[in-house]
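The listed protein sequences derive, respectively, from chains A and B.
Under the numbering used here, the first residue of the first sequence carries the number 1, and numbering increases by one thereafter.
Under the numbering used here, the first residue of the second sequence carries the number 370, and numbering increases by one thereafter.
Every residue, glycine too, gets a C-beta built ideally from N, C-alpha and C.
All of these numbers come straight from a predicted model, not from anything done at the bench.
Everything on this sheet refers to the single structure shown next.
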Amino acid sequence: MAERRVRSAPAASVESGRIDAVSARLVGLRYPWWRLAIGGLVFAATAVFAASQGSVDIPFGSVVGVVLSRLPWFELPADAKPTWNTILWELRLPRVVLAAIVGAALAMSGAAYQGLFKNPLADPYLVGVASGAGLGATIVLLTGVPLFLGGFNLLPVAAFAGGISAVAVAYSIARNSQGTPLTTLILAGVAISALAGAVSSLLMIRSDPELRPVLSWLLGSFISAEWSESGVVLVYIVPSLAVILGFARILNVLQLREDHASMLGVDVEKVKALLVVAATLATSAAVSFNGLIGFVGLIAPHTVRMIWGVDYRFILPMSGIVGATFLVLADLVARTVASPAELPVGVVTAFCGAPFFLYILRRRRAGVV
Amino acid sequence: MRQLADRVEAAGGNVRQDQDVEGAAGIEARDVWAGYGERQVIKGLNLRVERGSVTALTGPNGVGKSTLLRLLSGSLKPWRGTTRAAGADVSALSVRERARLVAVVPQNVDLPPGTAALEVVLMGRNPHMSLLSWESASDVDIAMEAMRVTDSDDLLDRRVDELSGGERQRVAIATALAQQTPVLLLDEPTANLDLAYQPAIMSLMRELASAGKTVVVAVHDLTLAGQFCDEVALMSEGAIHAVGSPEEALTEANIRKAYGADVTVLAHPSTGKPIVVNP
């Protein structure tokens, strides 16, 4: 062993060649920006396409033209009809943009949870956000609590508060003097979810038969999307996702056992708390206006991981792009497939997401991916 | 051999002067009491390990070897007493500071599936990197050197889930070396290794020590401990029962007292070091 180790210099150049050869896999050594760029282009094309489709079809190029005409050095395209401007800016673009923001937030929170909990089944709703937010929404929609307070819509506020409270309760129950064991946190989340779900069900059974608004919220929909909603959720989502992205390299180290990661200088408890808070804020904001949209947070990070490997510095941003693209497409299907009626977008994500997910699992089992 | 020691030093033996108090021991535990919850494990333990030496930590199952390693690494706070590494009180340091002072190779290392060996070793650079920084060329050089020293450089692009137990152990040691700490602690590094790898790992510890690192290894195999370590510390009932050179510590009387087992201690025919066998 000792003799083998004392090797002469030429070996080094061979090794540097091999480091080069594998650096495509080692994200830290050579970051695949071009993949993110291509992903971004695909997303942009999807968004424009989604905006072009609807009861009034607007040509792809005209959508781009109308959007660009808001910039000072572009003119409105000559063939553009005056109504297009209204349709795009008032109806379709707010929807597309909100769906993209929500999709990216759910996907990146899901990726962070999968990394933190080292559990492939983890999604952003794992520790109780969904049922907490659902309970908040149900209370506002079905009990004597007014839906509007001085012209202010209480539904998203209640959903947001419900989601955060559920996670806060689960986290404080799981916490002990040594730290917060993740298994206990998941179990506490499951129990809190069951409890909040039971209260929601009770409220529904005891209320008037008019359950449509609750069901619609629980299945998710972008039908009422407005620019202001995007603005509000971004206030929570941008800092949360920035924190999650900032910890991408640390998430890689956390894939080791917790005690090992701590020996490598990771303050495990602090990172856990920060990531749970960030993912909870992002998810609660994402569901507050549009309701619970399933599968995005599970499917997007998995797809990215199965195709492009294990480095969270790539998984996180790419999951955001994939999640945004997926949800924009799902919302397009939701509003066009049964036009003029609308499907809940959560139904569409499950319909498209589940088979696609199963397909990916099959391919992986066959060793293709 | 001198050349080898230089390379080992380059890979991780270089003691950071600012953290190292001149003349201080590599590791020092003074009247340490510690445990978990109500359960007392370490009871008034004293230990001094000289800089640049290899010390074997032995003793019966459940005597507190892993607990002592956790205390020495600062991840467990003592109830009473102090633990110092390279002159610094480890229980008072932040997680990041102590990871620059003490590196630990835990028992039964689990490495994340799908990760390349070099990626894992680069995680050893974490205590020297800021939150948003990326591995620099010099980090890669340090990681590669650590892999060369542990004879795992051939594995650099291999997925860690495809490695054998011995290969994985060497990658874990390389990760600890990439931390470039003056102190290295290993918890049963030879447990899953075959006959040939056990002495290979132990002689690597010797080389690291001769390059200036302070090394403490928890081992069950007393003969292995005797062959390769400068000092052997025998634990019993939560304290150090006997400590000294292998010949001093590994006597039939000491072993009987620590383990409650009768053994015969022979001398190695060429080195004269103790060989412990059942009677």
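Please confirm if Gly493/B has its CB atom under 8 Å from at least one CB of chain A.
-> yes
Using 8 Å as the threshold, is the stretch 308–319 of chain A in touch with the stretch 247–267 of chain A, meaning 3 or more CB pairs across them?
-> yes
So what's Asn153/A in DSSP terms, helix, strand or just coil?
-> strand
Flag Asp479/B as yes if its beta-carbon sits less than 8 Å from any beta-carbon of chain A, otherwise no.
-> yes
Going straight from the alpha carbon of Ala24/A to that of Trp34/A, what length do you get?
-> Because Ala24/A carries a pLDDT of 48, less than 50, the predicted location of this residue cannot be relied on, and no value is offered for it.
Of the residues that make up the stretch 530–550 of chain B, which ones have a beta carbon closer than 9 Å to any beta carbon in chain A?
-> Ala541, Thr544, Ala545, Gln548
Exposure label - Ala45/A; buried when at least 16 CB within 10 Å | exposed
Chain A partners of Leu500/B, CB-CB under 9 Å?
-> Gly246, Phe247, Arg249, Ile250
Write down every uninterrupted run of the alpha helix (DSSP H) in the stretch 210–261 of chain A whose length is 4 residues or greater and which is fully enclosed by it, in chain order.
-> 212–219, 227–246, 248–253
Rounded straight-line distance, which links the Cα of Ala158/A to that of Ser507/B = 51 Å
Which residues in the same chain have their Cβ closer than 6 Å to the Cβ of Arg175/A, if we skip the five residues on either side of it in sequence?
-> none
Buried/exposed call for Asn477/B, threshold 16 Cβ in 10 Å = exposed
Do Leu155/A and Leu147/A have their C-beta atoms within less than 8 Å of each other?
-> yes
Reference Ala541/B; option with closest CA among Ala587/B, Ala394/B, Met516/B | Met516/B
With DSSP collapsed to three states, give me the class of Trp448/B.
-> coil
For Ile87/A, which residues of its own chain have a beta-carbon under 8 Å away from its beta-carbon, when the five flanking residues on both sides are left out?
-> Gly54, Val56, Ile58
8 Å Cβ cutoff, Gly265/A in contact with chain B = yes
Assigned exposure category for Phe152/A - 16 Cβ within 10 Å defines buried | exposed
Within this structure, are the beta carbons of Ala455/B and Leu437/B separated by less than 8 Å?
-> no
Quick one: does the C-beta of Arg537/B sit closer than 7 Å to a heavy atom of the ligand GTP?
-> Among the components modelled here there is no ligand, and therefore nothing to report on the ligand GTP.
Can you tell me whether DSSP reads Asp400/B as helix, strand or coil?
-> strand
Determine which residues of the stretch 627–648 of chain B have a Cβ less than 8 Å from any Cβ of chain A, and write them out in chain order.
-> none
Which one or two residues does DSSP pair with Asn176/A in a beta bridge?
-> Gly179/A
From which residue to which residue does the beta strand (DSSP E) around His610/B run?
-> 608–613
Output, in sequence order along the chain, the residues in the stretch 255–279 of chain A whose CB is closer than 9 Å to any CB in chain B.
-> Gln255, Leu256, Arg257, Asp259, His260, Ala261, Ser262, Met263, Leu264, Gly265, Val266, Asp267, Val268, Lys270
Residues of the stretch 195–212 of chain A with a CB closer than 9 Å to any CB of chain B: list them in chain order, please.
-> none
Straight-line CA distance for Ala569/B to Val585/B?
-> 16 Å
Who are the Cβ neighbours of Pro124/A in its own chain at under 7 Å, not counting the five residues just before and after it?
-> Leu106, Ser109, Gly110, Tyr113, Ala279, Thr283, Gly297
What residue ranges within the stretch 109–152 of chain A form continuous alpha helix (DSSP H) runs of no fewer than 4 residues, ordered along the chain?
-> 129–142
Could you give the C-beta distance for Leu441/B and Ala485/B, rounded to a whole number, given that I count them as a contact under 8 Å?
-> With 8 Å as the limit, Leu441/B and Ala485/B do not qualify as a contact, their Cβ atoms being about 31 Å apart.
In three-state DSSP terms, what is Pro643/B?
-> strand
Nearest chain A C-beta to Gly483/B closer than 8 Å, yes or no?
-> yes
Do we get a CB-CB distance below 8 Å when we pair Ser442/B with the residues of chain A?
-> yes
Identified DSSP bridge partners for Lys412/B = Trp402/B
Supposed close pair Leu126/A, Ile173/A - CB separation, criterion 8 Å | Not quite, the Cβ-Cβ distance comes to about 15 Å (not below 8 Å), so this is no contact.
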